[in-house]
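Enquirer: Quick one: the structure is below, and I'll ask about it shortly.
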Amino acid sequence: MWRTRRTRRITVGQEQWTTVDEYFSAQLIGEDEVLSAALAAADRAGLPQIAVAPNQGKLLHLLARTAGAKRILEIGTLGGYSTIWLGRALPADGRLISLEIDPRHAEVARQNLELAGLGKQAEVRLGRAADTLAALDAEGVEPFDFYFIDADKVSNPDYVVWAIEHAHPGTLIVVDNVVRGGAVADADSTDPSVLGTRRLHDELAASDRVTATSVQTVGTKGYDGFTLIRVER
Ligand code: SAH
Ligand code: DHB
Ligand code: MG
Numbered sequence: 003m004w005r006t007r008r009t010r011r012i013t014v015g016q017e018q019w020t021t022v023d024e025y026f027s028a029q030l031i032g033e034d035e036v037l038s039a040a041l042a043a044a045d046r047a048g049l050p051q052i053a054v055a056p057n058q059g060k061l062l063h064l065l066a067r068t069a070g071a072k073r074i075l076e077i078g079t080l081g082g083y084s085t086i087w088l089g090r091a092l093p094a095d096g097r098l099i100s101l102e103i104d105p106r107h108a109e110v111a112r113q114n115l116e117l118a119g120l121g122k123q124a125e126v127r128l129g130r131a132a133d134t135l136a137a138l139d140a141e142g143v144e145p146f147d148f149y150f151i152d153a154d155k156v157s158n159p160d161y162v163v164w165a166i167e168h169a170h171p172g173t174l175i176v177v178d179n180v181v182r183g184g185a186v187a188d189a190d191s192t193d194p195s196v197l198g199t200r201r202l203h204d205e206l207a208a209s210d211r212v213t214a215t216s217v218q219t220v221g222t223k224g225y226d227g228f229t230l231i232r233v234e235r
């Protein structure tokens, strides 16, 4: 028989991750009527509850401000929650474009951005991102300073390649949801989102134009993670 070790009971899991996220957000973010209203409008419209958590939104905001971003491109708008965090990072003459495939999502997001006072600075473009990116390219769009990529995970390698092609030294690219419940490390996976995420990492590993890292996270949204990429040349 083995001896029972008297250790302090440690609970690690979703309940604790949520409690800790709520503590951090209460301390460092607090009540934000605009953001709460944006989430409430998205809920009323029946949008999926998959926006970034408040503390993640604030991380995006801080990264965009630290990069001095004046031109931001987001792929995957949903109800505009992350869009508001990013839009608030812009200087008065800054601009944000967010790409969304679902007209209902785009409509909710446009209203939320208007109510957030970002109606003039932030624009939601409707369509498949593959098409709206091609249209931006055809317009001869100027490079962006900051990207948040958070749409269909299958296409992440394509979106990141496009972003690197439309960037300058110092451009930051954040890609959400890169852990896939841990399956990202499974070379035998046939899940399209896992394959897309692995192809993204292949692209980054092979590129001599970027410095990149991927980080696992836990929180109200469970176990996940993001990739941060700096374009060097
Ligand atoms: N960035 C948002 C969450 C985005 S959820 C936030 O954190 O608040 C992912 C969004 O990407 C959904 O609204 C979905 O409709 C959109 N999407 C999925 N596939 C897409 C595609 N091919 N092109 C553009 N948008 C797409
Ligand atoms: C899903 C998408 C997201 O962008 C996210 O952050 C969480 C979940 C999803 O499609 O389930
Ligand atoms: Mg996401």
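Note that the sequence shown covers residues 3 to 235 in the working numbering.
Cβ atoms here follow ideal geometry from the backbone N, Cα and C, with glycine treated the same way.
1. Report the CB separation of S1 from G59 in whole angstroms; it is logged as a contact under 8 angstroms.
2. For E205, report the span of its alpha helix (DSSP H) as first-last.
3. Any idea what DSSP makes of D23, helix, strand or coil?
4. Going by other Cβ atoms of all chains shown within 10 Å of its Cβ, with 16 needed for buried, is D152 buried or exposed?
5. Just reading off the alpha helix (DSSP H) that S216 is part of, what are its end residues?
6. Taking A131 and L101 to be in contact with their CB atoms under 8 angstroms, please state how far apart those CB atoms are, rounded to whole angstroms.
7. Can you determine whether any heavy atom of the ligand SAH sits closer than 7 angstroms to the C-beta of R201, and answer yes or no?
8. What would DSSP say about T85, mapped onto helix, strand or coil?
9. Using the Cβ count rule (16 or more neighbours within 10 Å means buried), how would you classify E17?
10. S100 bridges to which residues according to DSSP?
11. With a threshold of 6 angstroms on Cβ separation, who are the neighbours of F148 within its own chain once the five nearest residues in sequence on each side are excluded?
12. Could you pull the start and end residues of the alpha helix (DSSP H) that D45 belongs to?
13. Please state if the CB of G184 and the CB of V156 are separated by a distance shorter than 8 angstroms.
14. My understanding is that G221 touches A43, with C-beta atoms under 8 angstroms, so please give their C-beta distance in whole angstroms.
15. Whole angstroms are fine: how far does the CA of D190 sit from the CA of W4?
16. Listed by chain order, which residues have C-beta atoms less than 5 angstroms from any heavy atom of the ligand MG?
17. Among the residues of its own chain, which have a CB less than 6 angstroms from the CB of I77, if the five just before and after it don't count?
18. For I103, which of R97, L120, G82 has the nearest alpha-carbon?
19. Can I99 be considered in contact with the ligand DHB, in the sense that its beta carbon sits closer than 7 angstroms to one or more heavy atoms?
20. Cα-Cα, which of N57, L230, W87, A208 is closest to A214?
Expert: Straight from the coordinates:
1. A question about residue 1 goes unanswered here, because the residues of the chain that appear run from 3 up to 235.
2. 194 to 208
3. helix
4. buried
5. Per DSSP, S216 belongs to no alpha helix (DSSP H); it is in the beta strand (DSSP E), 212 to 221.
6. 5 angstroms
7. no
8. helix
9. exposed
10. E76, V126
11. A66, A69, A71, I74, L174
12. 35 to 46
13. no
14. Not a contact, Cβ separation roughly 23 angstroms.
15. The predicted position of W4 is uncertain, since its pLDDT is 49 and thus under 50; a value taken from the coordinates is nonetheless stated next. C-alpha separation (whole angstroms): 39 angstroms.
16. D152, D178, N179
17. L101, A131, I151, A153, Y161
18. G82
19. no
20. L230
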